Structure formats: C-alpha cells, structure tokens
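The next block holds one structure in the form of structure tokens; read it before the comments.
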Amino acid sequence: MLRRWYVAIPALLLTLAGSYGVYKSIPPQYQSSAVLSLTVPISGPSTLGDPRDRVMEANPLLNFNYGLNMTAEVLVQILGAEDTMIKLGARPHGETTYEVNNGSPNPELLFSQPFVLIEGKSSDPRAAKEIVQRVTQRARVELDKRQAQLKAPPTTYIIMTEILEPTDAVALRNDAMRYTAAVLLLGALASVAAAFVAESVAAALRRRRRDRSDAAASAPVNEPVLQR
C-alpha cells in the first residue's frame, strides 16, 4: 500500500466521492407513529335486552377470553391487507407506506396485548403523518363495522383510545447510512486490491527484466574467426 500510494490514494478518493454521491442520491425517509388501545366499555361486555325477557345481550367480540387481543389482531390483519393499503393511498413498496402490528411482529405472540401500533413512512413528512391519520380513522371504521355485523349492542362496543396520537414525522437516515457504509467498504477493498494488483504487475515486470538481463549475461560470446 505504501509503495503504491499513487494507486491506493486516488482509489480511496474515488470511494469517498462515490459514497458521498450515494448518500445524497437516497432521499431521506420520514416516519410518523400512532398507538391505539382497545378497552372494554364501562358498562361491561353485556347489557340487558328486552326487559320482559330478561335476556342479556353481549358483544360477541368480548364473549370469550382474549377478546380484546383477538380484536386487535383482526384489525391488524384488515389494515395490513394490500387492498386496504391501496384504498388509503399507500402501497407495500411505494413512496408512502405504513406498517401495522399489535406490539410484536412475532406471530407466536398474537395475544400479547390489545394494542394497534401504526407506523407510516414516506419521503414527504406531511404524507407520513397523513397516512397514519387515515389508518387511525380507518381502524375506528373497521372496528365499528365488525361489531355492527355481529349485532353487538351499541352500549357494549369496544372503546378505541389513541394512547399516542399521530406524531410529527421525523427523518430516518438508516437506508442512506447503510448503503453509504456498503459503498465505503467495497471501495476500501477495491483500493487495497488495486494496490496489490499494481504491486504484482510491477514485480512481474521486474522479474521479466531481470530474467532478460541474466539471459543476456549468460549467453556465449562468439569470438571472431581469423582468416588465413
């Protein structure tokens, strides 16, 4: 590397310039978040129906263990479906997208807690926050829709509370830093490889010149022939 500094240094400079270009070429991503919580209404999961029949009417979503957790998972599946994303103005790999989970991406922990976590990402900070707001509103619509389909009494409807309202979008540079680090690493390896290649070529040329010199020195000298 020291002997071939005139090869290694330009290669390193090109690497720095290329990594800077990569860093600037990747637009920053902005992220906004919201957290929703599902709770049982104060009146409880059931209510008295017709007083003459004295029959209790219950919310089917709360009529079994882990009802709130199951409802949260249902909402996660509905909101995370591709059709729902398109209707809300997002795409799985588009410029503006979002992710929904119930607090854990591990499918073995589906019943961990009755939360719905929403994260929106976009190259535009306003779009990132707006997509989270739309998903939050859609979550309320879907929850009421499912309970109405099950003919649950309105007084037993599950309450959705915004524990964390859609936050202002913050810049994320993870992708840019990751790609920049990859370019720096590859460029550094290429610089070292270029220096070694230059040294190998120079060594091969030196050996060839030395072999030619040795061959010329060991060649027999033709003495002049005297004519009578």
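Count along the sequence shown starting at 1, add 4, and that's the number in our numbering. Where a beta carbon is used, it is the ideal one built from N, C-alpha and C, also for glycine. Note that the structure is a prediction, hence the values are computed from the model and not measured.
Counting C-beta neighbours from all protein chains within 10 Å, is the total for residue i 16 or more, i.e. buried, or is it exposed?
i, result
"PRO31", "exposed"
"ILE122", "buried"
"MET36", "For the record, residue 36 in the displayed sequence is Ser; it is not Met. Flag for SER36 reads buried."
"ILE90", "exposed"
"GLY124", "buried"
"SER23", "buried"
"LEU66", "buried"
Kindly indicate which residue of the options has the alpha-carbon position closest to the one of residue i.
i, options, result
"ASP128", "GLY98, VAL78, LYS91 and ARG211", "GLY98"
"GLU77", "ARG142, GLY107 and VAL139", "GLY107"
"VAL139", "LEU154, PRO158 and GLU166", "GLU166"
"LEU154", "LYS125, VAL201, PHE119 and GLU61", "GLU61"
"LYS133", "LEU121, ALA197, PRO170 and PRO157", "PRO170"
"GLN33", "ASP172, ALA12, SER126 and GLN117", "SER126"
"ALA131", "ALA15, VAL201 and ALA173", "ALA173"
"TYR70", "SER23, SER50, VAL201 and VAL44", "VAL44"
"ASN63", "GLN151, ARG213, GLN141 and GLY25", "GLN151"
"PRO14", "GLY84, ARG142, LEU92 and ALA199", "ALA199"
"ALA143", "GLY25, PHE68, LEU92 and LEU65", "LEU92"
Tell me which same chain residues have a C-beta within less than 6 angstroms of the C-beta of residue i, skipping the five on either side of it?
i, result
"PRO111", "Note that PRO111 scores 47 on pLDDT, short of 50, meaning its location in the model is unreliable and no value can be drawn from it."
"GLN137", "PRO170"
"LEU114", "Any reading at LEU114 must be qualified, since the residue scores a pLDDT of 48, below 50, and its modelled position is unreliable; the value itself is stated next. Closer than 6 angstroms at the Cβ level, and outside the excluded window around LEU114, lie GLU77."
"ILE3", "As shown, the chain starts at 5 and ends at 232. That puts residue 3 outside it, with no answer to give."
"PRO157", "THR51 and GLU61"
"TYR161", "GLN151"
"LEU72", "LEU42 and PRO118"
Could you pull out every residue in the same chain whose Cβ sits closer than 8 angstroms to the Cβ of residue i, ignoring the five residues on either side in sequence?
i, result
"ILE82", "THR88 and GLU146"
"PHE119", "VAL39, LEU40, SER41, LEU42, ALA76, ASN106, GLY107 and ILE167"
"THR159", "PRO45, SER47 and THR51"
"VAL80", "VAL104, ASN105, ASN106 and VAL120"
Looking only at its chain, what residues have a beta carbon closer than 7 angstroms to the beta carbon of residue i, apart from the 5 residues adjacent to it on each side?
i, result
"SER94", "The sequence as given places Ala at residue 94; Ser does not occur at that position. THR100, THR101, TYR102 and ILE135."
"VAL11", "ALA198, ALA199 and ALA202"
"LEU188", "THR19 and SER23"
**OP:** Decide yes or no for the touch test of the segment 85-105 against the segment 183-202: beta carbon pairs closer than 8 angstroms, at least 3 of them.
**Re:** No: fewer than three Cβ pairs fall under 8 angstroms.
Subject >> Segment contact flag, the segment 13-24 with the segment 135-151, C-beta cutoff 8 angstroms, min 3 pairs >> reply: In this structure the segment 13-24 does not lie against the segment 135-151, because fewer than three pairs of beta carbons, one per stretch, are closer than 8 angstroms.
**OP:** Check whether the segment 32-47 touches the segment 181-189, counting contact only when three or more Cβ pairs, one atom from each stretch, lie closer than 8 angstroms.
**Re:** no
**OP:** Give, in chain order, every unbroken run of the alpha helix (DSSP H) that is at least 4 residues long and sits entirely within the segment 154-210.
**Re:** Fully contained in the segment 154-210 is no alpha helix (DSSP H) run of length 4 or more.
**OP:** Could you name each continuous alpha helix (DSSP H) segment of 4 residues or more that falls completely within the segment 74-153, going from the start of the chain to the end?
**Re:** 86-91 and 129-153
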